[in-house]
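> Quick one: structure below, then a few questions.
Numbering (the working numbering), first residue to last: 3 to 385.
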């Protein structure tokens, strides 16, 4: 069933060596584990540099029951290669997407052939993790804007190529460190990457052992200005594929039409982007209750969220089917969220523009939502 966790034996273990032709990948540690894949830290040498230093990379290995879109990552990477390199804007936008450098298959020792993707860079923590270590659990205004501008740029590039991400939220945004991890020595890399893996299949530093965040950044020379890449294309789909029926998204980021069983489409990414904007800038999920005592567990919170969303949607369809249904119903929640933006750092013009942007995103009718291309050409990019 899509969106559920598929339990199976891990495809590799530390100290195992995988081969892609004459290039070897010496597995060091597990970085992350997702529904349909696992990600591993590896040392690699090419035949031409056997006597030189090894290089750390990430290897993403698909499970036997891989996601329906496991081939899109490589297909999209190939599209990027064909870009007109004279268009600096497109090249820069493409850099906002974490797509593999190469792919290969190998025998996992149990008679099964696995597909593997390689990534030449290692990244910082997810935006969700990072904000949990920040004051008030949110980025400062400048870093938050940079994060969202990069996200909009990357998503616009995806949509321009007819591809939907399908699972956009702060847990799938990886921060880019101010220094390349490739210049770290082996001890540093193993210290910060060879931790207990988490449930995020991406080549990333894990933040659990890095608290307090500010002390960690100062003592290890790392800093993050909000620059990000969009990761995890396991739920990606081609908009031109009319038979697509599946895409996994966090409940809190799910567009209304998906809750009603419609096939995923690009406007669903816009809804998820709106939820991401609110979470990045305020530190809160937009639809969950503010009072912690309302939901006693995550499972109960998810159930309440779905019930609340579906009841609003059904009411809108039955009572006013011709009217565009907007969230929130009134402006109270929206203004409350906007009001949480730093009144000193954010100008009145910026807050007014953000309100207009969110109003254009949270439309019940998908075709009425603002496009990500329109966001690129507006004041948001200049903020």
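Heads up, the beta-carbon is just placed ideally off N, CA and C, and yes, glycines get one too.
Quick caveat: nothing in here was measured; it's all calculated off a predicted structure.
Check each candidate in 270, 281, 370, 63 and name the one with the smallest Cα separation from residue 27.
Working through the chain shown from its first residue, we reach residue 27 at position 25. Per the Cα distances, 63.
> Could you tell me the distance, in whole angstroms, from the CA atom of residue 355 to the CA atom of residue 284?
Locating residue 355 in the chain shown gives position 353, where the first residue counts as 1. Locating residue 284 in the chain shown gives position 282, where the first residue counts as 1. Straight-line Cα distance between these residues: approximately 16 Å.
> Give me the residue from 15, 280, 105, 122 with the minimum Cα distance to residue 56.
The residue labelled residue 56 in the question sits at position 54 within the chain shown. Comparing Cα positions, the closest option is 122.
> In chain order, what residues of the same chain lie with their CB nearer than 7 Å to the CB of residue 129, ignoring the 5 residues before and after it?
The residue you call residue 129 lines up with position 127 of the chain shown. Cβ within range, chain order: 149, 172, 175, 177, 230, 282.
> Near residue 363, which residues of its chain fall below 7 Å by C-beta distance, leaving aside the five closest residues on each side in sequence?
Here the question's residue 363 lines up with position 361 in the chain shown. So the qualifying residues of the chain are 272, 273, 275, 276, 371, 372.
> Just list the residues that DSSP pairs residue 106 with in beta bridges.
For the purposes of this step, residue 106 is taken as residue 104 along the chain shown, with counting starting at 1. According to DSSP, which records beta bridges pairwise, residue 106 is partnered with 118.
> With a Cβ-Cβ cutoff of 7 Å, do residue 16 and residue 25 count as a contact?
Looking up residue 16 in the chain shown gives position 14. Looking up residue 25 in the chain shown gives position 23. Result no, Cβ atoms of residue 16 and residue 25 do not sit closer than 7 Å.
> Name the two residues that bound the continuous beta strand (DSSP E) containing residue 45.
What you label residue 45 is simply residue 43 of the chain shown in a count that begins at 1. Segment 39 to 47, the beta strand (DSSP E) holding residue 45.
> Identify whether residue 243 lies in helix, strand or coil by the three-state DSSP scheme.
Along the chain shown, one-based indexing puts residue 243 at 241. Residue state, collapsed to three classes: coil.
> Where does the unbroken alpha helix (DSSP H) through residue 377 begin, and where does it stop?
For the purposes of this step, residue 377 is taken as residue 375 along the chain shown, with counting starting at 1. Here the alpha helix (DSSP H) through residue 377 covers 374 to 378.
> If contacts are defined as beta-carbon pairs under 8 Å, then residue 239 and residue 266 qualify, I think. What distance do you get, rounded to the angstrom?
Stepping through the chain shown from its first residue, residue 239 is reached at position 237. Stepping through the chain shown from its first residue, residue 266 is reached at position 264. That belief holds up - the Cβ atoms of residue 239 and residue 266 are roughly 6 Å apart, short of 8 Å.
> List the whole-angstrom C-beta distance separating residue 105 from residue 232, where the pair is believed to meet the contact cut-off of C-beta under 8 Å.
Start at 1 with the first residue of the chain shown, and residue 105 comes out as number 103. Start at 1 with the first residue of the chain shown, and residue 232 comes out as number 230. Actually they do not touch by this definition, with Cβ atoms about 19 Å apart.
> When burial is assigned at 16 or more other CB atoms within 10 Å of the CB, is residue 115 buried or exposed?
Within the chain shown, the letter at position 113 stands for residue 115. Classification of residue 115: exposed, given that the 10 Å Cβ count is below 16.
> Using the Cα positions of residue 157 and residue 100, report the straight-line distance between them to the nearest angstrom.
Position 155 of the chain shown, counted from the start, is the residue given in the question as residue 157. Position 98 of the chain shown, counted from the start, is the residue given in the question as residue 100. Those two C-alpha atoms are separated by around 12 Å.
> Tell me the rounded alpha-carbon separation between residue 378 and residue 147.
For the purposes of this step, residue 378 is taken as residue 376 along the chain shown, with counting starting at 1. For the purposes of this step, residue 147 is taken as residue 145 along the chain shown, with counting starting at 1. If I take the Cα positions, the gap works out to 13 Å.
> Mark residue 32 as exposed unless 16 or more other C-beta atoms lie within 10 angstroms of its C-beta, in which case mark it buried.
The sequence position of residue 32 within the chain shown is 30, counting from 1. Buried is the call here.
> Determine the DSSP secondary structure at residue 22, reduced to helix, strand or coil.
Numbered from its first residue, the chain shown carries residue 22 at position 20. In the structure shown, residue 22 sits in a strand (DSSP, three-state: E or B).
> Kindly list the residues whose CB is nearer than 6 Å to the CB of residue 21, restricted to its own chain and excluding five residues on each side of it in sequence; keep chain order.
Indexing the chain shown from 1 puts residue 21 at position 19. Same-chain partners within the cutoff: there are none.
> For residue 107, count neighbouring Cβ atoms within 10 angstroms of its own Cβ and tell me buried if that reaches 16, exposed if not.
Here residue 107 refers to the residue found at position 105 when the chain shown is read from its first residue. Burial check for residue 107: the Cβ neighbour count within 10 Å stays below 16, so the residue is exposed.
> Spatial neighbours of residue 14 within its chain, please: CB distance less than 6 Å, with the 5 preceding and 5 following residues excluded, ordered by chain position.
Residue 14 sits at position 12 when you count from the first residue of the chain shown. Within the same chain, 29 come within 6 Å of residue 14 by CB-CB distance, once the 5 residues on both sides are set aside.
> For the candidate residues 361, 179, 170, 375, whose alpha-carbon lies nearest to that of residue 278?
Against the chain shown, residue 278 aligns to sequence position 276. Nearest of 361, 179, 170, 375 to residue 278, Cα basis: 170.
> What does DSSP give as the partner residues of residue 178 in its beta bridges?
As a position in the chain shown, residue 178 is number 176, starting the count at 1. Paired residue(s): none; residue 178 is not in a bridge.
> With a CB to CB cut of under 6 Å and the five nearest residues on each side skipped, what residues in its chain are close to residue 18?
If you number the chain shown from 1, residue 18 lands on position 16. So the qualifying residues of the chain are 29.
> Can you look up residue 28 in the DSSP assignment and give me helix, strand or coil?
Locating residue 28 in the chain shown gives position 26, where the first residue counts as 1. Residue 28 falls in the strand class under three-state DSSP.
> When you compare only the Cα positions, how much space is there between residue 163 and residue 96?
Along the chain shown, one-based indexing puts residue 163 at 161. Along the chain shown, one-based indexing puts residue 96 at 94. Each residue's alpha carbon lies about 11 Å from the other.
> Taking the beta strand (DSSP E) that residue 61 belongs to, which residues open and close that run?
Taking the first residue of the chain shown as position 1, residue 61 is located at position 59. Residue 61 -> beta strand (DSSP E) spans 57 to 64.
> By a C-beta neighbour count over all protein chains shown, 10 Å radius and 16 as the cutoff for buried, is residue 168 buried or exposed?
Translated into the one-based positions of the chain shown, residue 168 becomes position 166. Buried, because 16 or more other Cβ atoms sit within 10 Å of the Cβ of residue 168.
> When you compare only the Cα positions, how much space is there between residue 46 and residue 59?
Counting from one through the chain shown, the residue named residue 46 turns up at place 44. Counting from one through the chain shown, the residue named residue 59 turns up at place 57. When rounded, the distance between both Cα atoms is 7 Å.
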